[in-house]
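> In this text, residue positions in the sequence shown follow the working numbering: the first is 654, and each later residue adds one. Ideal placement from N, C-alpha and C gives every residue a C-beta, glycine not left out. Submitted below is the structure of interest, expressed as structure tokens.
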Amino acid sequence: MVIRGTSLPERELAADIVRFTRRSARRYKRSRTSWGDRFVDAYSWGLGVGVSLTIAASFVLALRNEIADRASTSNSIIRTQWLVLPEAVLWTSVTFAVLVVISNLARKLGPLTVNGAESTWWLTLPVDRRAMVLPPFLRKVAVTAVGSAIIHLPFSMVTAVDRAPVEHVLASLTFAAASVIGVVMAAMRQLGLLGPRLGRATTTAALLACAVLPSLSRTLWPTVLASVAAVGLLALVVPRAGSVRGDELVRGGAVAGHAGASLFMMDSNEVLRAFSGGRKEVDGGRAAALYARPARGPLRALIRADAVAFLRLNPPLMPPLLWLAACLGILLVDGGLPEFAQLAVIVIAGCATASGMGTVARKTALVPELDALLPLHPALVRTSRTLMPCLAMSLWMAVLSGLLVLLGAADPWLICVGALAGAGMGAGTLRGATRTPPDWTAPPVETPFGPVPRAQLGSLLRGLDVTVLATVPLLAALYLGYVPWIVVTVQALFSAGIFLVVVLSRPKQT
């Protein structure tokens, strides 16, 4: 039920409730923290941020100089390009992809939300909700704008080396305004001003138009146009902020709280569960043919159950296809990234795709006691959990390798190497899904970047380590430009070893 106050006293009452609650929360936090602790925390954070920014700036400048000095087709894993993608098309596509990610995250996280304590008693009061949800929404918009401008500045410096400093600033401001448009359109969908299908289509079209504007930063009008559009959409949403349904406010707050706590505890599995928890699309048609077949033995029954679960959870096809397109775009761009950066993009794409294939493993890892009740050896149970991710990643890597062969990166044996690498990468999804939570009893290690939680980072990288290791022979073949027999042999040994290690090793008990 939505209750909106129409009189001035009711709006002032809602604002007083919000101010009292937040003032009490700040007073409670200040009472539990001394000035010495605040100074130490501020000094540590400032030192770490300063060193990190210095290293990042030096890396950006070095990458910028290397891109500016090299030829368009030299130092690439594709020696002879028979197809060249214009550079502006690639960077515009990257900008559009980032804007879509920002809009989708805003849609999942709210952006109009209340936390658990606020939803307990704020939503039940007969007052205007706008004073409760509008200030956090405006803060999110401001943080998004500032963060987007800061992130886009080095991106503009690397991808457009011929721009003047003022043009880089204008491009960053334009991208910040486009990011605000993405967040505000997510709020419009939350308010019900746009339907599900119409909202997705309208948001996609608007963000596609906004993705072109940062590349037109030689004049001031793209920045003015994006800023006016952002302000106009904000003026449309702000008066209606109090009309969001209570269940939508609670949903966004629950997802934001779950994701924030998971990031704070450095638990990537919980972050993925937080963002996929509200996904209700389940497809039973893909696995309908497997139900009619009789099961012969517990192992076959378990394999069929895992295959059915993998298909019914409906792994989205768009992200793997987009990562394939990203890999090809980086390789085909005229005057794009150097060779090491191209290989890094391939590794990142493989790790991101492999992470999306571990949904079943992450869900079953929540209740490991159920696996112990099965009349099978634990190694056989883990083998069943790994089969579908291994097959899916082998197919994805084979397709990627086949496309690289068509482009002339290596000989056709690269497809075999890619399929073998995909098997090892798929096994890494189970290792990552069954990782134990970080051990926060271990003290951090002091470094020039500040205190680093070494034990917690080791737990976070579990699963990612073998996924990257499985791609090493493939990267070596791409670097050489051909596939020696020793690379095929090493790739087979790496993938088989990773599979056996993942299947035979027992997860650590918490």
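1) Give every residue of the same chain whose Cβ lies closer than 7 Å to the Cβ of residue 806, excluding the five residues on either side of it in the sequence, and list them in chain order.
2) Quick check: residue 836 and residue 797, are their CB atoms within less than 8 Å of each other?
3) Count the other CB atoms, across all protein chains shown, that sit within 10 Å of the CB of residue 1094; report buried if there are 16 or more and exposed otherwise.
4) Going by C-alpha distance, which of 999, 953, 866 and 767 is nearest residue 899?
5) What residues in its chain sit with their C-beta under 7 Å from that of residue 979, if we drop five residues either side in the sequence?
6) Quick one: what does DSSP say residue 767 is sitting in, helix, strand or coil?
7) Classify residue 871 as buried or exposed, calling it buried when 16 or more other Cβ atoms lie within 10 Å of its own Cβ.
8) Whole-angstrom Cβ separation of residue 1172 and residue 795, contact assumed at under 8 Å?
9) Would you call the CB atoms of residue 1034 and residue 1027 closer than 8 Å?
10) For residue 986, does the three-state DSSP call read helix, strand or coil?
11) Let me know the secondary structure DSSP gives residue 738 once reduced to three states.
12) Rank 764, 1079, 1145 and 958 by C-alpha distance to the C-alpha of residue 907 and give the top, closest one.
13) Grab me the residues of residue 655's own chain with a C-beta within less than 6 Å of its C-beta, minus the 5 sequence neighbours each way, in chain order.
14) Rounded C-beta distance between residue 1079 and residue 1119? I'm assuming under 8 Å.
15) Restricting to runs no shorter than 4 residues, where is the alpha helix (DSSP H) found entirely within the stretch 958–1017?
16) Excluding five sequence neighbours on each side, which residues of the same chain lie with their C-beta closer than 8 Å to the C-beta of residue 685?
17) Along the chain, where does the alpha helix (DSSP H) containing residue 801 start, and where does it finish?
18) Compare the Cα-Cα distances from residue 1106 to each of 816, 827, 1025 and 917 and report the closest residue.
19) Quick check on the DSSP output: what are the complete beta strand (DSSP E) runs of length 3 or more inside the stretch 1079–1124, in order along the chain?
20) Can you give me the C-alpha to C-alpha distance between residue 1032 and residue 1145, rounded to a whole angstrom?
21) For the stretch 858–865 against the stretch 811–819, are there 3 or more C-beta pairs whose distance is under 8 Å?
22) Mind pulling the beta strand (DSSP E) runs of 3 or more residues that sit fully within the stretch 884–940?
23) Closest by CA to residue 1063, which one among 976, 1074 and 1132?
24) Would you mind stating whether residue 1038 and residue 1083 have Cβ atoms separated by less than 8 Å?
25) Can you give me the Cβ contacts of residue 1172 inside the same chain, cut-off strictly under 6 Å, excluding the 5 residues immediately before and after it?
26) Please report the distance separating the alpha-carbon of residue 1025 from that of residue 902.
27) Which stretch, first to last residue, makes up the alpha helix (DSSP H) that contains residue 775?
28) Out of 981, 1097, 681 and 1113, state which residue places its alpha-carbon closest to the alpha-carbon of residue 742.
29) On the three-state DSSP scale, how would you describe residue 1151?
30) Pull up the distance between the alpha-carbon of residue 1128 and that of residue 883, whole angstroms please.
31) In whole angstroms, what is the alpha-carbon distance linking residue 761 and residue 1085?
32) So what does DSSP say about residue 745, is it helix, strand or coil?
33) Can you check whether the CB of residue 1050 is closer than 8 Å to the CB of residue 1014?
34) Less than 8 Å between C-beta atoms, sequence neighbours within five positions excluded: which residues of the same chain meet that for residue 972?
35) Which stretch, first to last residue, makes up the alpha helix (DSSP H) that contains residue 858?
36) Using only the alpha-carbon positions, how far apart do residue 744 and residue 1097 sit?
If we stick to the structure as given:
1) Closer than 7 Å at the Cβ level, and outside the excluded window around residue 806, lie 821 and 825.
2) It is a contact, given that the beta carbons lie within the stated cut-off.
3) Per the 10 Å Cβ criterion, exposed.
4) Checked all of 999, 953, 866 and 767; the closest Cα to residue 899 is 767.
5) Closer than 7 Å at the Cβ level, and outside the excluded window around residue 979, lie 998 and 1002.
6) If DSSP states are grouped into helix, strand and coil, residue 767 belongs with coil.
7) Residue 871 comes out exposed.
8) Outside the modelled stretch of the chain, which goes from 654 to 1163, sits residue 1172, for which no answer is possible.
9) Residue 1027 is positioned such that its CB atom lies closer than 8 Å to that of residue 1034.
10) Reduced to three states, the DSSP call for residue 986 is strand.
11) Strand.
12) By alpha-carbon distance to residue 907, the top candidate from 764, 1079, 1145 and 958 is 764.
13) Only weak support is given to the placement of residue 655: the predicted model assigns it a pLDDT of 46, under 50, and the question is left unresolved by the model.
14) Between the beta-carbon of residue 1079 and that of residue 1119 there is about 10 Å, and that puts the pair past the 8 Å contact cut.
15) Listed in chain order, the complete alpha helix (DSSP H) runs (minimum 4 residues) inside the stretch 958–1017 are 971–985, 992–1009 and 1012–1017.
16) Counting only Cβ-Cβ distances below 8 Å, and skipping sequence neighbours, we find nothing.
17) Start and end: 783–812.
18) When each option's Cα is compared against that of residue 1106, the closest is 917.
19) Segments of the beta strand (DSSP E) lying fully in the stretch 1079–1124: 1098–1100 and 1103–1105.
20) Their Cα atoms are separated by approximately 21 Å.
21) Result no; under three Cβ-Cβ pairs closer than 8 Å.
22) Whole beta strand (DSSP E) segments, 3+ residues: zero.
23) Of 976, 1074 and 1132, the residue nearest in Cα terms is 1132.
24) Closer than 8 Å, so yes.
25) The structure shown has nothing for residue 1172, since the chain only spans 654 to 1163.
26) Between residue 1025 and residue 902, the C-alpha separation is close to 39 Å.
27) Where residue 775 is concerned, there is no enclosing alpha helix (DSSP H), given that its DSSP letter is neither H nor E.
28) Comparing Cα positions, the closest option is 981.
29) Helix.
30) The alpha-carbon of residue 1128 is positioned some 43 Å away from that of residue 883.
31) Going by the C-alpha atoms only, they are around 24 Å apart.
32) In this structure, residue 745 counts as helix in the three-state DSSP scheme.
33) Not in contact: residue 1014 and residue 1050 (Cβ atoms no closer than 8 Å).
34) 1005, 1006 and 1009, listed in sequence order.
35) Here the alpha helix (DSSP H) through residue 858 covers 849–865.
36) When the Cα atoms are used, residue 744 and residue 1097 turn out to be separated by approximately 39 Å.
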